[in-house]
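Report on the following structure.
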């Protein structure tokens with residue numbers, strides 16, 4: 001970037017690199033989906049400009065459904081206690097890409113464990129409560145409330161929500177979207193710009209209709 005934009009600030013370069021890393025992760029997630037569907041049966045990448053290739057293949061094959069939020073769990077952080085530990089991953093939702101923070105593992109269907117939910121496919125409904133009301137975030141009133149995940153194993157009454165937050169202590173089972181990850185000594189400790197990303201997701205869900213949205217969670221934690 002410095003070669004093409006010599007006057008770019010260090011902050012701008014860091015922002016660009018984080019965006020590039022997010023798209024890079026999305027590229028490899030997308031390749032895995034193609035292979036799983038049997039569209040390509042080789043382990044060798046064709047040589048394309050990667051991000052443009054992802055967008056083009058999405059259009060050609062329709063592999064990444066714009067109505068699905070694809071979440072890939074990639075990293076865990078153990079702090080010494082469950083409440084502040086976390087799981088981090090990436091997500092793709094049509095043209096939106098970012099990161100997700102969830103509780104630490106292992107995954108469970110049991111309530112009140114402060115653990116992440118199982119991998120699988122989930123539907124969404126709107127939810128509000130005394131703690132998660134439409135005016136929870138002062139700068140913007142939510143029109144419908146918070147997305148609430150559910151499926152045949154995780155009932156809607158569990159109230160697994162999508163809301164803003166940046167680290168393990170901010171979630172008791174919910175999914176916290178963000179634009180960036182923050183590392184200390186090479187280890188992911190939390191995310192950032194969660195509220196900004198949350199509202200981007202809300203806008204997209206409202207545009208499409210929550211009844212048309214699904215979430216697919218997969219695990220690639222090593």
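Residue numbers (the UniProt record's numbering): 1 to 222. Each residue gets a CB set at the ideal place from its N, CA and C atoms; glycine is no exception.
Below 8 Å CB to CB, which residues in the same chain sit around residue 83 once its five sequence neighbours on both sides are set aside? Taking the chain shown and counting its residues from 1, one reaches residue 83 at position 83. Excluding residues within five positions, the ones whose Cβ falls inside 8 Å are 114, 168, 169.
Assign residue 148 to one of two classes, buried (16 or more other C-beta atoms within 10 Å of its C-beta) or exposed (fewer than that). For the purposes of this step, residue 148 is taken as residue 148 along the chain shown, with counting starting at 1. When all chains shown are included, residue 148 counts as buried.
Would you kindly check if the distance between the Cβ of residue 72 and the Cβ of residue 220 is under 8 Å? Your numbering for residue 220 matches position 220 in the chain shown. Your numbering for residue 72 matches position 72 in the chain shown. Going by C-beta atoms, residue 220 is nearer than 8 Å to residue 72.
If you follow the beta strand (DSSP E) that residue 76 is part of, which residue opens it and which one closes it? Counting from one through the chain shown, the residue named residue 76 turns up at place 76. Start and end: 68-77.
Judging by CA-CA distance, which residue of 203, 154, 209, 182 is the nearest neighbour of residue 96? Locating residue 96 in the chain shown gives position 96, where the first residue counts as 1. When only C-alpha atoms are compared, the closest one is 203.
In whole angstroms, give me the CA-to-CA distance for residue 79 and residue 104. In the chain shown, counting from the first residue as 1, residue 79 sits at position 79. In the chain shown, counting from the first residue as 1, residue 104 sits at position 104. Approximately 10 Å between the Cα atoms of the pair.
Distance between residue 157 and residue 124 (C-alpha atoms, nearest Å): Working through the chain shown from its first residue, we reach residue 124 at position 124. Working through the chain shown from its first residue, we reach residue 157 at position 157. About 12 Å.
Could you tell me which residues DSSP puts in a beta bridge with residue 64? In the chain shown, counting from the first residue as 1, residue 64 sits at position 64. According to DSSP, which records beta bridges pairwise, residue 64 is partnered with nothing at all.
Can the beta-carbon of residue 155 be found closer than 8 Å to that of residue 98? Taking the first residue of the chain shown as 1, we reach residue 155 at position 155. Taking the first residue of the chain shown as 1, we reach residue 98 at position 98. For residue 155 and residue 98, no; Cβs fall outside 8 Å.
Give me, in chain order, the residues of the same chain whose beta-carbon lies closer than 6 Å to that of residue 190; leave out the 5 immediate sequence neighbours on both sides. As a first step, residue 190 is located in the chain shown; it is residue number 190 there, counting from the start. Excluding positions up to five away in sequence, the list reads 166, 167, 182.
Please work out which residues of its chain come closer than 7 Å, Cβ to Cβ, to residue 241, disregarding the five sequence neighbours upstream and downstream, and give them in chain order. The requested residue 241 is not part of the displayed model; the chain covers only 1 to 222.
Just to confirm my understanding: we take residue 129, look at its own chain, exclude 5 residues before and 5 after, and list those with CB closer than 8 Å. What are they? Residue mapping note: residue 129 aligns to position 129 of the chain shown, counting from 1. 159, listed in sequence order.
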